[in-house]
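What follows is one structure encoded as structure tokens, with my remarks underneath.
2 protein chains.
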Amino acid sequence: MSLLKFSRENLIRSSFRRFARSYSRSAITKRPHFPCVEAHAVRESQLRQTTFSSIPSSAQDTDDLESGPEPPYARPNPKSYHVYHDPAPLELTYASPLLSFDVAYETWGTLSSSKDNVILLHTGLSASSHAASTALNSAPGWWEKFIGPGKALDTNQYFIVCTNVIGGCYGSTGPSSIDPTTGTHYATNFPIISIFDMVRAQFRLLDHLGIDKLYASVGCSMGGMQSLAAGWLHPERVGKIVSISGTARSSPSAVAMRYAQRSVLMADPNWNYGFYYNGLPPHTGMKLARQIATITYRSGPEWDLRFGRQMRPILEQSPDMPRTPALCPDFLIETYLDHQGEQFCLKYDANSLIYISKAMDLFDLTASSLTANHLLSSSSTLSISASPSHKTSHSKSHPPPVNPAPHLTDLAEGMQPLAKIPTLVLGVQSDILFTVEQQREMADALRMAGNEQVSYYELGGVWGHDTFLLDVLNVGGAIRGFLS
Amino acid sequence: MSLLKFSRENLIRSSFRRFARSYSRSAITKRPHFPCVEAHAVRESQLRQTTFSSIPSSAQDTDDLESGPEPPYARPNPKSYHVYHDPAPLELTYASPLLSFDVAYETWGTLSSSKDNVILLHTGLSASSHAASTALNSAPGWWEKFIGPGKALDTNQYFIVCTNVIGGCYGSTGPSSIDPTTGTHYATNFPIISIFDMVRAQFRLLDHLGIDKLYASVGCSMGGMQSLAAGWLHPERVGKIVSISGTARSSPSAVAMRYAQRSVLMADPNWNYGFYYNGLPPHTGMKLARQIATITYRSGPEWDLRFGRQMRPILEQSPDMPRTPALCPDFLIETYLDHQGEQFCLKYDANSLIYISKAMDLFDLTASSLTANHLLSSSSTLSISASPSHKTSHSKSHPPPVNPAPHLTDLAEGMQPLAKIPTLVLGVQSDILFTVEQQREMADALRMAGNEQVSYYELGGVWGHDTFLLDVLNVGGAIRGFLS
Chain P
1 MSLLKFSREN LIRSSFRRFA RSYSRSAITK RPHFPCVEAH AVRESQLRQT
51 TFSSIPSSAQ DTDDLESGPE PPYARPNPKS YHVYHDPAPL ELTYASPLLS
101 FDVAYETWGT LSSSKDNVIL LHTGLSASSH AASTALNSAP GWWEKFIGPG
151 KALDTNQYFI VCTNVIGGCY GSTGPSSIDP TTGTHYATNF PIISIFDMVR
201 AQFRLLDHLG IDKLYASVGC SMGGMQSLAA GWLHPERVGK IVSISGTARS
251 SPSAVAMRYA QRSVLMADPN WNYGFYYNGL PPHTGMKLAR QIATITYRSG
301 PEWDLRFGRQ MRPILEQSPD MPRTPALCPD FLIETYLDHQ GEQFCLKYDA
351 NSLIYISKAM DLFDLTASSL TANHLLSSSS TLSISASPSH KTSHSKSHPP
401 PVNPAPHLTD LAEGMQPLAK IPTLVLGVQS DILFTVEQQR EMADALRMAG
451 NEQVSYYELG GVWGHDTFLL DVLNVGGAIR GFLS
Chain F
1001 MSLLKFSREN LIRSSFRRFA RSYSRSAITK RPHFPCVEAH AVRESQLRQT
1051 TFSSIPSSAQ DTDDLESGPE PPYARPNPKS YHVYHDPAPL ELTYASPLLS
1101 FDVAYETWGT LSSSKDNVIL LHTGLSASSH AASTALNSAP GWWEKFIGPG
1151 KALDTNQYFI VCTNVIGGCY GSTGPSSIDP TTGTHYATNF PIISIFDMVR
1201 AQFRLLDHLG IDKLYASVGC SMGGMQSLAA GWLHPERVGK IVSISGTARS
1251 SPSAVAMRYA QRSVLMADPN WNYGFYYNGL PPHTGMKLAR QIATITYRSG
1301 PEWDLRFGRQ MRPILEQSPD MPRTPALCPD FLIETYLDHQ GEQFCLKYDA
1351 NSLIYISKAM DLFDLTASSL TANHLLSSSS TLSISASPSH KTSHSKSHPP
1401 PVNPAPHLTD LAEGMQPLAK IPTLVLGVQS DILFTVEQQR EMADALRMAG
1451 NEQVSYYELG GVWGHDTFLL DVLNVGGAIR GFLS
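Each protein sequence line maps, in turn, to chains P and F.
According to this note's numbering, the first sequence is numbered sequentially starting from 1.
According to this note's numbering, the second sequence is numbered sequentially starting from 1001.
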């Protein structure tokens, strides 16, 4: 720690000197321009100006950062969604309970008098409860084309509930919320959360709404994890499970890709160990993290078709001269990533991204992991044998694998509570984040656990992980067929 | 610019205030620890201390940054390799010529009296000329197991020359070199370079050594690009071409992955628009960039086997309690990426990484790209038709594709100069950076161009792009067979 203190003192002095020198030198030395890098400073300046304009000038010199600008997520419009406040503690997998919590939610369709037509829809990492437009909020939602009369989630039949997950920043309790015990933002004093914790909060909302049993639990990406976790925690309360491009245990390559995002975000000095709520948000780190994320959401073949090696147009370019490349974006694929990062960097809370991304990494339904995390007592696990006699109880047309790997047997043991719930598993062959191997693993483990009602589809196409947002025909069709 | 200036002035003031406040607050508020983030400050402190200890204390307050610490690449040992200085200009694809240049190189084996046994070995992005140990430098090289008596590149038969590429930082002229016209480091005033420029410098060295014709041009990864470019620029001077996990035109997904690396590096305030040679290097940005690169060098299946979901051991962990996860690395895959980044971050020059990575993105042997960049005059292109009559001139056992895509015809036209040079194309099915589709494209285009001596191999295995560094048996065997 003494080394660190020394370093911080040095950083203070030398950062100031470096900026000062850099600034004075730039005024006298001609240097190349880097618009893609300067954009970070421009954005910061704009954020700061927004603040300045709303603060009396006398306060600016001392308080500009303490009363910092607020990105959009920090100005929620609670009239556009419902909020359920639960004053009782929420049990957490890895930490002491949250003493109380909020869950933001929206609904579509009509709850039947017997309350038997409820679909709980789970979101991916950064989505809000606004899955589709509502009377309260007419803006299109993130799954607009999949929700409505006659659509995949048919509002003529079903009452659909979607929440913002615990840990998020769109109305539910998360790191950007005020800790009632301190009166300040939780920041990184927020506890580590799990996918199970998100689902626990959702079921507290269902209890409040008087909904005993779900017709179905439906989710894509991280929502697929929640969908499985819902059936796992409450097998008797979940009628059907839909997992689209989800996984039953995060793979090391997915952990690697999310770790790279967290690393660039946490290295942004504005992140300030998570305590940025009274200052400027880590907008540069968020942009860089989103650029990396975008690479994992689509696929190379899509970019081949969509961008190829096309370059962005240069107005001043002469047709007689070779184009002079730059170190900033030249290719359309680069401007696309830049744009995706720029669009996202102030839309979502950085700490929410870190906490929820970590919850995804930690998700693992193998019996050994569940036992280690006290989600399963060691005495309650059922042994799944790979013996032929065990297999005869399974679906004849889709038998489980003949010689399952040890981790598959472990996963099948952990997924035992899902043995009686009809489950739709759908994956995409071009998905590099939730690979098709992970989809097969999930279906195999369910079948090994004795589930005879596993519907399994693989989609082709070039849209990668984002297929669930785009392919209304195939994804929507599979869901409609499975739910009906 | 006025906005930017305003922003920079604010940055200076507010960065100082933020650091000061952060420091004073941290002394009184208990906050979570983030060793993975604090490591950046610790590293910076150590770099600074190295400097302090070598400077008289009276100079420290004013000159610490101007006489900043030197990372290892800034202290080259010119006795461990040869340097060819060429006082004449070097033609460049995208910019005015370099007025003079250096090429660092090493050799293995013995040059025959007729100088007909020369293999020019090309490196990947960040490698030096030290491909294997020599009398001047006994440290193992980056291809140690492939070079030597009886090995893939057999020093009993061949005289092997390996250079540090133009743009690099291990003895050849690059952004960290002193610009003779200004007396200071080029930094980002260094011109944009191409793969062709690297090869042009290499052939100037060959001219100097009196070597007229290469027995073979051999390279892996970016070295494969150079290997093709050598044959393209000097078909009459290259006997055989070996491209291992290379490509004939960078794909948008590879551009995306390199763009993400450049972005995080250029966002590091220490990068300072490339002018960091008198200060601290952008070590944090380099670490983050290397973490991303590492993801592209290996494969998910390897990590499944090697790390799975294993977590790093925690000494203080009680077996009776669930492990408490952290926002810093928990999984072995995370500590692996962290370690890879940490090992690399001071070994290589950040500007070299940016320039050479860009050169890889720009590499494109399609006729349309070569023409646009004035590497090919529009009148000199030969039209490759996809008609059956054209195809009859090709290898019968491996005919070119029946209905080639337009880009493939374009590529075949561009690769026309390689039609007579026997070429080995080897790729790896688990490579996500230079995908197997790119290898097939290269082989198809060569065959469409009329090359009847294309040897083509695909390797399985889980090592991804790094296979060329690891698989001595298969990669080495294919090269030995092809060269003999």
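Every residue, glycine too, gets a C-beta built ideally from N, C-alpha and C.
Less than 7 Å divides the Cβ of Leu-1337 of chain F from the Cβ of Ala-256 of chain P.
No Cβ-Cβ contact shorter than 7 Å links Asn-137 of chain P with Ser-172 of chain P. The beta carbon of Arg-237 of chain P is closer than 7 Å to those of Asp-212, Lys-213, Leu-214 in its chain, skipping five residues each way along the sequence. Arg-323 of chain P carries a coil assignment under DSSP once its states are collapsed to helix, strand and coil.
The beta-carbon of Val-1255 of chain F is placed less than 7 Å from the nearest beta-carbon of chain P. Our two residues, Val-1083 of chain F and Asp-1471 of chain F, have alpha carbons roughly 31 Å apart in a direct line. Taking a Cβ-Cβ threshold of 9 Å, the residues of chain F close to Ala-372 of chain P are Pro-1322, Arg-1323, in chain order. By a beta-carbon distance limit of 8 Å, Lys-1358 of chain F contacts Leu-327 of chain P. Their separation comes to about 6 Å. Glu-334 of chain P belongs to the set of residues whose beta carbon lies under 7 Å from a beta carbon in chain F.
The three-state secondary structure of Phe-1331 of chain F, taken from DSSP, is strand. For Val-1428 of chain F, no CB of chain P lies under 7 Å from its own CB, so it is not counted at the interface with that chain. A direct Cα-Cα distance of roughly 13 Å separates Ala-95 of chain P from Ile-195 of chain P. In the DSSP annotation of this structure, the continuous segment of the beta strand (DSSP E) that includes Ala-1104 of chain F starts and ends at 1101-1108. Look at Phe-1275 of chain F here: in three-state DSSP terms it is coil, with no helix or strand label. Chain P places no beta carbon closer than 7 Å to that of Ala-1367 of chain F, leaving this residue out of the contacts. The Cβ neighbour count for Ser-1243 of chain F, taken over all protein chains shown within 10 Å, is at least 16; the residue is labelled buried. Non-local C-beta neighbours of His-1234 of chain F in its own chain, meaning closer than 7 Å and more than five positions away in sequence, comprise Phe-1203, ordered along the chain. No Cβ-Cβ contact shorter than 7 Å links Ile-160 of chain P with Gly-210 of chain P.
Counting along the chain, the unbroken beta strand (DSSP E) around His-1122 of chain F starts and ends at 1118-1122. Residues of chain F with a Cβ closer than 7 Å to the Cβ of Leu-288 of chain P are, in chain order, Ser-1263, Val-1264, Ala-1267. By the rule that beta-carbons nearer than 7 Å mark a contact, Gly-1141 of chain F does not touch chain P. For Gly-308 of chain P, the closest of P:Ile-314, P:Thr-335, P:Tyr-297, P:Ala-289 by C-alpha to C-alpha distance is P:Thr-335. Where Phe-1482 of chain F is concerned, the enclosing alpha helix (DSSP H) starts and stops at 1477-1483. In the three-state DSSP reduction, Ser-1176 of chain F falls in the coil class, being neither helix nor strand. About 3 Å separates the Cβ atoms of Asp-1268 of chain F and Gly-1285 of chain F, confirming a contact at the 8 Å cut-off.
At a C-beta separation below 9 Å, Asn-403 of chain P has no neighbours in chain F, since its nearest C-beta there lies roughly 17 Å away.
Ser-126 of chain P and Gly-167 of chain P have their C-alpha atoms roughly 10 Å apart. Looking at F:Met-1448, F:Asp-1349, F:Trp-1271, F:Ser-1455, the one whose alpha-carbon comes closest to that of Glu-1413 of chain F is F:Met-1448. Ile-1356 of chain F is positioned such that its CB atom lies no closer than 7 Å to that of Gly-1231 of chain F. Those residues of the segment 1409-1440 of chain F placed with their C-beta closer than 9 Å to a C-beta in chain P are Ile-1432, Thr-1435, Glu-1437, ordered along the chain. A distance below 7 Å separates the beta carbons of Gly-464 of chain P and Ser-299 of chain P. Taking the beta carbon of Gly-1300 of chain F as reference, the chain P residues within 9 Å of it are Ser-251, Pro-252, Ser-253, Ala-254, Ala-256, Ile-432, Thr-435, Glu-437, listed in sequence order. Leu-327 of chain P belongs to the set of residues whose beta carbon lies under 7 Å from a beta carbon in chain F.
Chain-order list of chain F residues neighbouring Asp-444 of chain P: empty, with the shortest C-beta distance near 15 Å, by a criterion of under 8 Å. In the structure shown, Tyr-158 of chain P adopts coil according to DSSP, grouped into three states. Contact annotation: Pro-1329 of chain F and Cys-1036 of chain F have beta-carbon atoms nearer than 7 Å.
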